[in-house]
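Asks:
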C-alpha cells in the first residue's frame, strides 16, 4: 500500500540553525501539506501546496518557513533560523485531488519528523 | 480561525464496550468533518468522514454523527478493541479556502482488556 514517508524521523538542531525536513508524498497525489504538532497539543495546519506553489498558509508559516518540491518527488519544509518554539512533530500529508463537489479526498499523513531545537 | 474542540481529554472503556468520543466546533461554515486516529509515534490516520448535508455515516465498527444545530460531532466505536487505544481527533474544513484541516485537541481512548 502506498504511503507518505518522511526523513529524518528525529532532527536535533541548535537554535538559529537551518533545518530541512523531507517528505516523499504518494506518487500520484497532487496536493501536499505540512502540519505541526507541539507535544501534547493539537495538530496545526502550516501550509498547502499545489501546482508548484503555495495554495494556503497559516499565521504560523512566517518568513522563516519555506516549502518546495525540487524534483517532482520530494516535498521539503525549510526553517531558516530555528527557534526553541519550533520544537514539534512535523507531519507531511498528500492528497490525490481536491474538489468540493465530490466526496472529500483523504489526506494521507506521513509518520512525522520530530524536531528538537536546543 | 476556526475553533474545533473536544469535550473530554481522556476516555477509558472496557474491551467489548462501545465508545463515544465527542467534538464541538464553532464555525458554522464548516462543511466537511473527519475523524482521525493517532497512535503513539505515528501520523494521523483517517477513520471516517461526513459532509454537512448528512447527519450520520457508518463505517466498519464506526459511526459518525453530526448535529449542525448545536455544532456537535461524535464518533462511536462499536465493540471497542485494545487496538483502538489511541488519540482521536476531529477535524474540519471550512467552506472557504483550500482543503486545509483544522484539528481539535484530541481525546485519548484507553481500552481496558
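Residue numbers (the numbering used here), protein chains in the order written: chain A, 1 to 118; chain B, 1 to 113. Don't be surprised by glycine CBs; every beta carbon is placed ideally from N, CA and C. Values in this document were obtained by computation on a predicted structure and should not be read as measured data.
Are the CB atoms of residue 112 (chain B) and residue 38 (chain B) within a distance shorter than 7 Å?
Replies: no
Asks: Please list the partners that residue 11 (chain B) has in chain A, where partner means a Cβ-to-Cβ separation under 8 Å.
Replies: In chain order: nothing, as chain A lies at least about 17 Å away.
Asks: So within the region 6–76 of chain A, which uninterrupted beta strand (DSSP E) runs reach at least 3 residues, ignoring any that extend past its ends?
Replies: 10–13, 19–24, 31–37, 43–50, 53–57 and 65–68
Asks: For residue 25 (chain A), which of A:95, A:113 and A:68 has the nearest alpha-carbon?
Replies: A:95
Asks: Between residue 151 (chain A) and the rest of its own chain, which residues show a CB-CB distance below 6 Å, the 5 nearest in sequence each way excluded?
Replies: Since the first residue shown for chain A is 1 and the last is 118, residue 151 (chain A) is missing from the structure and cannot be characterised.
Asks: Note down, in chain order, every chain A residue with its Cβ under 9 Å from the Cβ of residue 56 (chain B).
Replies: Within chain A, no residue comes near residue 56 (chain B); the closest Cβ sits about 16 Å away, beyond 9 Å.
Asks: Quick check on DSSP: helix, strand or coil for residue 65 (chain B)?
Replies: strand
Asks: With residue 86 (chain B) as the anchor, note down where its beta strand (DSSP E) starts and where it stops.
Replies: That run of the beta strand (DSSP E) goes 86–93.
Asks: Residues in its own chain within less than 7 Å of residue 86 (chain B) by CB, not counting five upstream and five downstream?
Replies: 37, 38, 39 and 109
Asks: By Cβ distance, which residues of its chain are closer than 8 Å to residue 82 (chain B), with the 5 residues on each side in sequence left out?
Replies: 15, 111 and 113
Asks: Would you list the residues sitting across from residue 100 (chain B) in a DSSP beta bridge?
Replies: BP columns for residue 100 (chain B) are empty, so no partner.
Asks: To the nearest angstrom, how far is it from the Cα of residue 32 (chain A) to the Cα of residue 63 (chain A)?
Replies: If you take the alpha carbons of residue 32 (chain A) and residue 63 (chain A), they lie about 19 Å apart.
Asks: At least one CB of chain A closer than 7 Å to the CB of residue 33 (chain B): is that the case?
Replies: Chain A, which has no Cβ nearer than 7 Å to the Cβ of residue 33 (chain B), makes this no.
Asks: Counting only the same chain and skipping the five closest in sequence on each side, list residues whose C-beta sits under 8 Å from that of residue 52 (chain B).
Replies: 30, 31, 32, 33, 66 and 68
Asks: Spatial neighbours of residue 54 (chain B) within its chain, please: CB distance less than 7 Å, with the 5 preceding and 5 following residues excluded, ordered by chain position.
Replies: 66
Asks: Quick one: what's got a C-beta closer than 6 Å to residue 114 (chain B)'s C-beta in the same chain, skipping five residues either side?
Replies: Summary: the structure shown does not reach residue 114 (chain B), with chain B confined to residues 1 through 113, and so no result is reported for it.
Asks: Could you give the uninterrupted runs of the beta strand (DSSP E) lying entirely in the region 26–80 of chain B, keeping only those of 3 residues or more?
Replies: 32–38, 45–51, 56–58, 62–67 and 72–77
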